[in-house]
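Notes follow once the structure below has been shown.
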Amino acid sequence: MENGEQSPGGDADPGSGPVRNEDAAVLSVRTVLRASAYPLLLVATFSVATAALRLDWDPGRVSPLFLLGTISYLTALERLIPHQRAWHPNADEWRWYGVYFLLTMAASALAQYLVTAAVSAVAPDESAPHLWEEIPAALLTGSLASYLVHRLGHSNSILWRLHGVHHVPQKVNVASNGVNHVLDIMLAQGAVQLALASIGFSRESVFVVGLFVAAQGYFVHANIDVHIGRFNHVLASPEQHRLHHSVDLSEAGHYGSDLSIWDHLFGSYTWRPGREPIAVGIGDPASFPPTADIATSLLHPWRRAKRAGPGSA
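The numbering of the sequence shown is numbering that gives the first Met the number 0, which starts it at 0 and goes up by one.
This is the structure:
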């Protein structure tokens with residue numbers, strides 16, 4: 000054909016057919032990933048918990064391995080189905096986030112150690128007779144404690160100087176979930192563990208709940224294009240948690256990182272389909288050191304406070 004005349008199929012370039020087929024295949028794969036990403040994470044969590052209980056695996060080994068697997072899985076999804084490509088960490092951010100992650104893991108382990116005596120004194124050594132009935136109660140208890148401590152971290156000016164470190168990054172992704180002040184992690188983890196210990200939940204139920212909470216904590220921070228629809232009214236999701244990191248406090252809310260029922264109950268649920276934060280980070284960036292200044296961020300709670308309202312995310 001001459002003079003730029005197209006073929007009957009409408010393709011001027013004979014090679015465009017395979018290219019379009021390849022694009023369609025990529026689109027199909029991404030569609031499948033968007034639909035299956037969260038169900039697969041939940042199935043993996045349930046499968047690991049079940050196998051660990053039935054095969055008597057050591058929780059001290061299973062939990063960190065499961066956490067690393069979860070982080071790897073969600074990090075891969077961030078590349079395959081990103082919500083915002085601009086939110087991918089750059090090389091410098093990976094280094095900063097890595098240091099914060101190690102500090103967060105150390106603080107979490109220390110908090111766990113400090114409440115071990117209480118847990119050992121209260122939690123029964125033997126398996127609970129109705130473990131799968133106890134697990135939902137343990138989840139609700141731990142989730143409520145986490146919600147209350149998290150909300151207090153935004154409303155109390157002293158605690159905000161700890162928790163606000165987590166809100167400084169202007170990106171929300173799996174890696175930024177590890178950006179925390181060590182004392183903030185110790186307080187949050189300690190409160191949850193003590194709540195569970197005071198009621199006397201078994202170690203097995205605490206272990207299972209811990210796996211779910213860990214998976215949810217990284218899932219809600221994941222920079223992935225995943226939507227869970229009506230399940231948003233029960234479970235926390237990235238859609239909600241991006242709003243939590245909004246610089247606009249009127250749309251923030253969503254203090255639950257595992258369940259969203261407490262946000263409904265206590266009036267902090269703001270998500271609706273299609274709602275996106277205007278921007279994420281701190282409303283007053285000058286009130287906190289930049290994330291790159293790790294030592295300064297850790298010392299920030301003891302520096303002279305500037306005039307910034309609590310929870311000014």
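Note that the Cβ used here is the ideal one computed from N, Cα and C, for glycine as well. Small disclaimer: the values here were computed from a predicted structure and weren't measured.
(request) Return the residue from the list 180, 227, 259 and 61 that minimises the CA-CA distance to residue 102. (result) 180
(message) Starting from residue 262, trace the alpha helix (DSSP H) in both directions and tell me its first and last residue.
(response) 260-264
(request) Using a threshold of 7 Å, state whether the C-beta atoms of residue 161 and residue 151 are closer than that. (result) no
(request) Could you check if residue 98 is buried or exposed, using at least 16 other CB atoms within 10 Å of its CB as the buried criterion? (result) exposed
(message) Buried or exposed, going by whether 16 or more other CB atoms sit within 10 Å of the CB of residue 270?
(response) buried
(request) Specify the secondary structure class of residue 281 as computed by DSSP and reduced to three states. (result) coil
(request) Closer than 6 Å by C-beta to residue 76: which residues in its own chain qualify, once you throw out the five before and the five after it? Chain order, please. (result) 36 and 223
(message) Between the alpha carbons of residue 6 and residue 33, how many angstroms are there, rounded?
(response) Bear in mind that a pLDDT of 40 at residue 6, under 50, signals an unreliable position, so the number given afterwards is only what the model happens to contain. Each residue's alpha carbon lies about 36 Å from the other.
(request) Give the straight-line distance between the Cα atoms of residue 174 and residue 209, rounded to the nearest whole angstrom. (result) 19 Å
(message) Please return the same chain residues whose Cβ sits closer than 6 Å to the Cβ of residue 182, not counting the five positions on each side in sequence.
(response) 161
(request) Could you say if the segment 138-145 and the segment 197-215 meet the contact criterion of at least three C-beta pairs nearer than 8 Å? (result) yes
(request) Would you kindly work out how many angstroms separate the C-alpha atoms of residue 285 and residue 164, rounded to a whole number? (result) 12 Å
(request) Count the other CB atoms, across all protein chains shown, that sit within 10 Å of the CB of residue 131; report buried if there are 16 or more and exposed otherwise. (result) exposed
(message) Check whether chain D comes within 7 Å of residue 294, counting only Cβ atoms and requiring the distance to be less than that.
(response) Absent here is chain D; the protein component of the structure consists of one chain.
(message) If contacts are defined as beta-carbon pairs under 8 Å, then residue 171 and residue 289 qualify, I think. What distance do you get, rounded to the angstrom?
(response) No, residue 171 and residue 289 are not in contact; Cβ-Cβ is about 17 Å, not under 8 Å.
(request) Using alpha carbons as the reference points, say which of 156, 211 and 80 lies closest to residue 137. (result) 211
(request) Find out if the Cβ-Cβ distance for the pair residue 313, residue 189 is shorter than 7 Å. (result) Since the first residue shown for the chain is 0 and the last is 312, residue 313 is missing from the structure and cannot be characterised.
(message) I want to know whether the segment 229-236 touches the segment 257-270 - three or more CB-CB distances under 8 Å.
(response) yes
(request) Determine the closest residue to residue 43 out of 249, 66, 228 and 268, with distance taken between C-alpha atoms. (result) 66
(request) Please say whether residue 106 and residue 184 have beta carbons closer to each other than 7 Å? (result) yes
(message) For residue 58, report the span of its alpha helix (DSSP H) as first-last.
(response) 58-79
(request) Could you have a look at residue 102 and say whether DSSP puts it in helix, strand or coil? (result) helix
(request) For residue 227, I'd like the list of residues in its chain whose CB is within less than 8 Å of its CB, leaving aside the five on either flank, ordered along the chain. (result) 37, 234, 236 and 238
(request) Can you tell me which of 299, 281 and 111 puts its alpha carbon nearest to the alpha carbon of residue 193? (result) 111
(request) Tell whether a beta-carbon distance below 7 Å holds between residue 214 and residue 79. (result) no
(request) Please list, in chain order, all residues of the same chain as residue 109 whose beta carbon is under 7 Å from its beta carbon, the five residues on each side excluded. (result) 185
(message) Assuming residue 276 and residue 242 are in contact, meaning their beta carbons sit under 8 Å apart, how far apart are those beta carbons, in whole angstroms?
(response) 5 Å
(message) I'd like the list of long-range same chain contacts for residue 263, defined as Cβ closer than 8 Å, with 5 residues on each side in sequence excluded.
(response) 232
(message) By DSSP's criteria, residue 223 is part of a beta bridge. Which residues make up the other side?
(response) 81
(request) Starting from residue 245, follow its DSSP beta bridges and name the residues at the other end. (result) 279
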